[in-house]
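Residues in the sequence shown are numbered consecutively from -14, following our numbering.
Ideal Cβ positions, reconstructed from N, Cα and C, are used throughout, including at glycine.
Being a predicted model, the structure only gives us computed values, none of them experimental.
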Amino acid sequence: MDSDSVSSMTRFFLICLGGAVGTGARYLLSLATARLWGTTLPLATLVVNLLGSFLMGFLMNPDVGPDLSPTTRLALTVGLLGGFTTYSAFNYEMTRFFRSDDWGQGFFYLLITVVGCLISGAAGIATARVVSGK
């Protein structure tokens, strides 16, 4: 058992709750993104995955990230961010570009997603270091 002495069932329910909140947040952000910038490029998924990568980088480095109990860290990363980010939507959007022979747009989206998420994750780690002073 983790040092925070939370039961496995409690941990499970907290992760599920985090997943539900993350999924709802992704839906609301998708609506707002589509309203602001349209749907030509799937910016909602890109924004969700960039933000999720940043937050994952920030939360998953216990040496420099916030001082969280193991259960809280799991609820936020596996639960909330697991429900928030979405590879399946990214995959669907990529195949939609290719099915419509929009190879240029598809490769552009692939490039900005992969590079952007890696940069966002690194920025999350760097931010955690600044916040923690380590």
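Listed in chain order, the non-local C-beta contacts of Met41 below 7 Å within the same chain comprise Thr62, Leu66, Gly106, Gly109, local neighbours out to five positions each way being set aside. One Cα belongs to Met45, the other to Ile104, and the distance between them is close to 15 Å. Judged by beta-carbon spacing, Thr18 lies within the 8 Å limit of Val32, meaning their Cβ atoms are closer than that value.
A distance below 6 Å between beta-carbons, with the five flanking residues on each side excluded, links Pro27 to the following residues of its chain, in chain order: Glu78. Taking 4 residues as the minimum length, the alpha helix (DSSP H) runs contained wholly in the stretch 47 to 116 are 55 to 59, 72 to 84, in order along the chain.
For Ser38, the enclosing alpha helix (DSSP H) stretches over residues 28 to 44.
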